[in-house]
Every structure is written in structure tokens, then in C-alpha cells.
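So the structure is just underneath, and the comments pick up after that.
Chains as they are written, first to last, in this note's numbering: chain B, 989 to 1135; chain A, 148 to 261.
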């Protein structure tokens, strides 16, 4: 699975946790990724990349499904669902569950950590940090012209 | 001798200061001027080696995030306060809405585990 990185999310080989932000403006319920094993991957990559030179994180589905967030007491689960569209046949989404509740951008959620006084933003940051850490060794940079 | 890490960090800060509204292709805010000046103060007061272990990112709400290169820490710098979550030798340390202070922040920058 490839998570496309906006240029501001990558610096010195480090990925910003903000790359896994669920947008409240659209009540985003998943992190968009593209399936690298699909024939349409490179075409789709070109469609979603706005810069001349882009980059993406590669994460395997099994690594995503096995990912944990040990810094939180809450049970956090990640799973991938294929969500192809006519314009992006390789599109998929990473869904995030915390204590059996799906995370949706901007929506409140139940959390043991929050009950213990940890701010909601900090809980979300730990989850995003885990995803950013997962892909940090598999960053691919590309030029639009080469696709 | 030139402070290369600090120069690089300051150059990155200038890049982030120039980001317009909607820099994320959605509704991200530009970085607040006070946040820029706070971050500049932090860079200038920091140890050259220590600051080289961190990178700067913009956040959609107009603040700046410092992330350690080993991905074990994040510090969010706001107009008057900061928040952080870092893995130290004693375990995960996490605090929210601390009053902005370069002294406190420099302690946190140094305490990250390798």
C-alpha cells in the first residue's frame, strides 16, 4: 500500500505524523492509499500527485494489520479495505478503530487515555506516529515525468 | 565555525513561514507569526548537535511540529504554549499546554532516547 506524501510531510527522510491526519472538514473515515500491486498504480499515482516530484510510503497490508500502538492503553486496530473507483482503480483505505469505534476526522471518541486526562489530540498523535513509523524505511521518491 | 544544523533548521523554518492558506490542498492555516518567532527563538537557544536530531513540520492549525529523526518524539509549538510526547529513558513522557519556554523545550529536546 502506498500513502502519497505531500512534500511538506517529508523532511530529511522523516515522515510527519500529519501525513495520516483524518480531515474533519469531510468527516474523513479512512486514510487513502493506493495498491502498488495493481496495473493502474502508476497511472493513479500520476493523477493524485500535484508536485513535479513526489514521494510515497510503502506499507504491507500485513504490517498494517499487525500494527499496535503500545504507548496507549486503548486497543487500536488498523485494517485495509479496497475502495476502487472509476478514476482510481487502485484506491484503498486504512481504517482505524479505537476500542471498537471507528475513528472519523473531527468526531469525538471513547478512550481510556482521554479518561485519564490525556488530550484527544495526543491520543490521535500516537496513532498517527505509529503509522508514520511503520513506513519510514520504505520511502520512494519519483518524478511525474518518469511515470 | 558555522552552525550548520541551526542554519538548516532556520532555512526550513523560512520555508514553512511562507506556506499559504490551504498549503495542504485543503483548509490548512498558514503558520502563525508568533509560532514562527517562538520556533526561531528555540533554534537560536538550542545546542547545535541536539537540534540536528530534530526536523520541523507544519501543522494544519497554524502551529509547528518538531519531530525527532528517530521518530520517538513530537513537540507541538503554539503561540503561547507547547505540548509534547516523547520516549525517554524513563518511558513515555507526555504533557499538554505547557507555557512556552525555551529552557523547558531545550530540556525536552535533549531528553529524547537514541
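Even for Gly, the Cβ is constructed at its ideal location relative to N, Cα and C.
Residue i: contacting residues in chain A (beta-carbon distance under 9 Å)
{"i": "residue 1120 of chain B", "result": "214 and 218"}
Chain B contact residues for residue i, given Cβ-Cβ distances below 8 Å
{"i": "residue 182 of chain A", "result": "Those do not exist, as residue 182 of chain A stays about 15 Å from chain B at its closest Cβ, beyond 8 Å."}
{"i": "residue 159 of chain A", "result": "999"}
{"i": "residue 230 of chain A", "result": "1107, 1109 and 1110"}
Sub-9 Å separation of residue i and residue j beta-carbons
{"i": "residue 256 of chain A", "j": "residue 200 of chain A", "result": "yes"}
{"i": "residue 1087 of chain B", "j": "residue 1063 of chain B", "result": "yes"}
{"i": "residue 221 of chain A", "j": "residue 1117 of chain B", "result": "yes"}
{"i": "residue 247 of chain A", "j": "residue 229 of chain A", "result": "yes"}
{"i": "residue 1121 of chain B", "j": "residue 216 of chain A", "result": "no"}
{"i": "residue 1081 of chain B", "j": "residue 1015 of chain B", "result": "no"}
{"i": "residue 1135 of chain B", "j": "residue 1071 of chain B", "result": "no"}
DSSP bridge partner residues for residue i (one or two, in chain order)
{"i": "residue 197 of chain A", "result": "Residue 197 of chain A is not bridged to any residue."}
{"i": "residue 220 of chain A", "result": "A:233"}
Interface flag, residue i vs chain B, CB-CB below 9 Å
{"i": "residue 172 of chain A", "result": "yes"}
{"i": "residue 197 of chain A", "result": "no"}
{"i": "residue 239 of chain A", "result": "yes"}
{"i": "residue 123 of chain A", "result": "The displayed coordinates of chain A run from 148 to 261. Any statement about residue 123 of chain A would go beyond what the structure contains."}
{"i": "residue 179 of chain A", "result": "no"}
{"i": "residue 234 of chain A", "result": "yes"}
C-beta neighbour in chain A for residue i, strict 9 Å
{"i": "residue 1019 of chain B", "result": "no"}
{"i": "residue 1011 of chain B", "result": "yes"}
{"i": "residue 1106 of chain B", "result": "yes"}
{"i": "residue 1079 of chain B", "result": "no"}
{"i": "residue 1124 of chain B", "result": "yes"}
{"i": "residue 1002 of chain B", "result": "yes"}
Chain B contact residues for residue i, given Cβ-Cβ distances below 7 Å
{"i": "residue 206 of chain A", "result": "1006"}
{"i": "residue 221 of chain A", "result": "1005, 1113 and 1117"}
{"i": "residue 243 of chain A", "result": "1107 and 1110"}
Proximal residues of chain A, C-beta to C-beta of residue i below 8 Å
{"i": "residue 996 of chain B", "result": "163, 166, 170, 171, 204 and 205"}
8 Å contact criterion, which residue i and residue j should meet: CB distance rounded
{"i": "residue 178 of chain A", "j": "residue 166 of chain A", "result": "6 Å"}
{"i": "residue 235 of chain A", "j": "residue 251 of chain A", "result": "Going by Cβ atoms, the distance from residue 235 of chain A to residue 251 of chain A rounds to 14 Å, so no, they are not a contact pair."}
Chain A contact residues for residue i, given Cβ-Cβ distances below 7 Å
{"i": "residue 1059 of chain B", "result": "239"}
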